[in-house]
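Numbering (our numbering), first residue to last: 51 to 122.
In structure tokens form, the structure reads like this:
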């Protein structure tokens, strides 16, 4: 069950990365991490934190960023 929750959290992070501006994405990541803390094992939570941190460092393509801004 925890593995499914971990996978779902990663999918939520990936979806947010592609559909939100950077500041909103980071806010969503913090919410996901806060909620995941109580349901994942310590190891899984650390893995999710590392995953979210890597996604935060990634830059989204300029074209996608323009589309996000234009749709807001």
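Cβ coordinates follow ideal geometry from the N, Cα and C atoms, glycine included.
Buried or exposed (CB count within 10 angstroms, at least 16 for buried), residue i
i           : result
residue 84  : exposed
residue 63  : buried
residue 102 : buried
Where residue i falls: helix, strand or coil (DSSP)
i           : result
residue 107 : helix
residue 79  : helix
residue 68  : helix
residue 56  : helix
residue 96  : helix
residue 74  : helix
residue 62  : helix
Residue i vs residue j beta-carbon contact at 7 Å
i           : j          : result
residue 99  : residue 55 : no
residue 95  : residue 87 : yes
residue 82  : residue 59 : yes
residue 107 : residue 67 : no
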